[in-house]
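Report on one structure; see the data block that follows.
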Amino acid sequence: MRKFTLLAALAAAASVSSPALAGNSEGHWQIKVLGTGVLPDGKITKINNNAIGLPAGSQTVANDNAVPTLAVEYFFTPNVSAETICCLTTHRVSGAGAIAGTAIIDHAMILPATVTLKYHLPLPGGIKPYIGAGPSVFFYIDEKQGATLQTLNPGGRLNLDNKVGVVVQGGVDIPLGDKGLGLSLDAKKYWVNTTLHVRNAAGTELLQTEHKIAPWVVSAGVAYRF
């Protein structure tokens with residue numbers, strides 16, 4: 039994560055300092071360096087295989103996380119743009135309901151590959167609220183069993199399925215002068231689910247559950263347009 043933060047800072051510094059990328063409040067490109075809160079759901083929506091013996095009323099919840107985010111945006115016209123983001127967010131999944139207090143997933147890193155098409159509404163003073171929507175794929179990386187699962191399933195493993203979903207967003211860009219610098223506030227709502235598979239050391243599946251992820255992703259930071 040430190041490496042990502044350093045790269046984002048270097049990219050922003052290079053864009054500001056390079057004469058070839060002189061700031062322009064109406065330029066085609068915009069880079070944003072943001073602080074982002076990722077607020078997922080994580081609840082079980084369906085149990086497909088319960089050989090491990092989950093009791094009735096079992097539920098799960100995923101923890102929130104805060105991460106740095108780099109956004110890159112291209113303006114096709116003054117009011118229409120496309121944006122993609124780069125971030126990695128790590129979460130734990132704990133038991134709720136009948137299994138409250140259990141540790142299900144100790145570590146699951148998510149890469150939310152996202153592209154949105156945005157429409158900007160210019161207001162006096164250069165302020166530009168916007169809305170957007172597009173597809174997203176959640177890639178799950180390096181999933182690890184939590185302590186409770188590890189006790190029940192020693193030597194076993196789990197994985198989460200990569201899934202395609204959609205995202206809508208809204209926000210506002212606020213200029214700081216006319217040299218391309220600005221502030222940005224953004225909120226995204228994702229509709230993406232996943233399937234959890236738990237297998238024992240021999241590879242036999244002991245548990246398969248479907249989960250609602252559907253996070254809110256809220257960001258604030260600085261923007262540079264050129």
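Mapping the sequence shown onto our numbering, position 149 (from 1) lands on 187, and the numbers just tick up by one.
Ideal placement from N, C-alpha and C gives every residue a C-beta, glycine not left out.
- Taking a C-beta distance under 8 Å as the contact criterion, Asn191 and Val131 do not qualify as a contact pair.
- Apart from sequence neighbours up to five positions away, the residues of its chain that approach Gly259 with a beta-carbon distance below 7 Å are Lys70, Val71, Leu72, Gly73 and Ser222, ordered along the chain.
- Under the criterion of beta carbons closer than 8 Å, Phe176 and Thr232 qualify as touching, at roughly 7 Å.
- Fewer than three Cβ pairs drawn from the stretch 90–101 and the stretch 150–169 lie within less than 8 Å of each other, which leaves the two stretches out of contact.
- For Leu126, there is no enclosing beta strand (DSSP E), as DSSP marks it with neither H nor E.
- The criterion of a C-beta distance shorter than 8 Å is satisfied by Ser257 and Asp224.
- By the Cβ criterion, the stretch 159–179 is in contact with the stretch 206–216, since at least three pairs of Cβ atoms, one from each stretch, lie closer than 8 Å.
- If you draw a straight line from the Cα of Gly95 to the Cα of Gly193, it is about 27 Å long.
- Thr186 is a Cβ neighbour of Thr140, given a cutoff of 8 Å.
- The residue among Thr247, Lys81 and Glu181 with its C-alpha nearest the C-alpha of Ala138 is Lys81.
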